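Below: one structure, written as structure tokens.
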Amino acid sequence: MNNELLKGLVEQINLEMQSAYIYLGMSTYLNEADLPGFSQWMMAQAHEEMEHAMRIYKFLQERGEHIELFAFEQVSVNYDGVLEVFEESLKHEKFVTAAIDKLMNIAYDVRDFSAMGMLQWFVDEQVEEEDNFNGAIAQIKLAGGKGSPMLMLDRGFGKRQG
């Protein structure tokens with residue numbers, strides 16, 4: 074495998090795991106804010122990000138590549154409300170999308186078609202991720218961020234399974 078692509082994929086494993094850690098921190102904040110549904114939603118998101126990391130990890134293992142793992146950065150568990158949590162999440166997902174797009178460009182440039190096939194799943198997944206966060210932000214804004222509408226939203230978000 075091309076060294077630049079391999080390095081990028083290993084870094085993406087770390088980014089996906091870091092994403093899980095970020096969402097776990099957000100879940101902690103939401104749980105402590107007595108919003109168990111939103112907390113559950115973020116916990117499911119964290120689980121999904123770990124699955125993403127494992128998808129790349131398995132791909133590299135199947136190709137016989139050496140994989141190095143890196144430490145995670147400390148994440149925040151302090152936010153100024155549910156809206157900020159979801160806006161920060163969307164911002165982070167856009168960062169992840171840019172990283173996936175960069176990897177796809179490298180795979181294309183070096184004509185690594187199996188990597189391109191694997192990465193196409195991530196390209197499609199990122200469209201879904203950003204759409205989910207955009208939808209959540211719209212609902213939170215409509216609910217006004219407090220009171221009965223937020224409690225109803227919290228219950229609805231808690232139905233997500235991870």
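In short: position in the sequence shown from 1, add 73, done, that's the working numbering.
Ideal Cβ positions, reconstructed from N, Cα and C, are used throughout, including at glycine.
Just so you know, these numbers come straight off a predicted model, no measurement behind them.
Close CB contacts of G98 within its chain, under the 7 angstroms cut and outside five residues either way in sequence, are with V148, S149 and V150 (chain order). With a beta-carbon spacing of about 6 angstroms, V196 and M177 fall inside the 8 angstroms limit used to define contacts. Apart from sequence neighbours up to five positions away, no residue of its chain approaches H139 with a beta-carbon distance below 7 angstroms.
Distance check between G231 and each of E84, L108 and L78 places L108 closest, using alpha-carbon atoms only. In this structure, the straight-line span from the alpha carbon of A117 to that of A93 is close to 9 angstroms. Pairing A216 with G208, the inter-Cα distance amounts to about 12 angstroms. By the CB criterion at 8 angstroms, I86 and Y152 fall outside the cutoff.
Remark: fewer than three beta-carbon pairs, one from each stretch, lie closer than 8 angstroms, so the segment 174-189 and the segment 111-126 are not flagged as touching. Between I210 and L133, the C-beta spacing is not below 8 angstroms. Distance between M90 and K219, taken at the CA atoms: about 31 angstroms.
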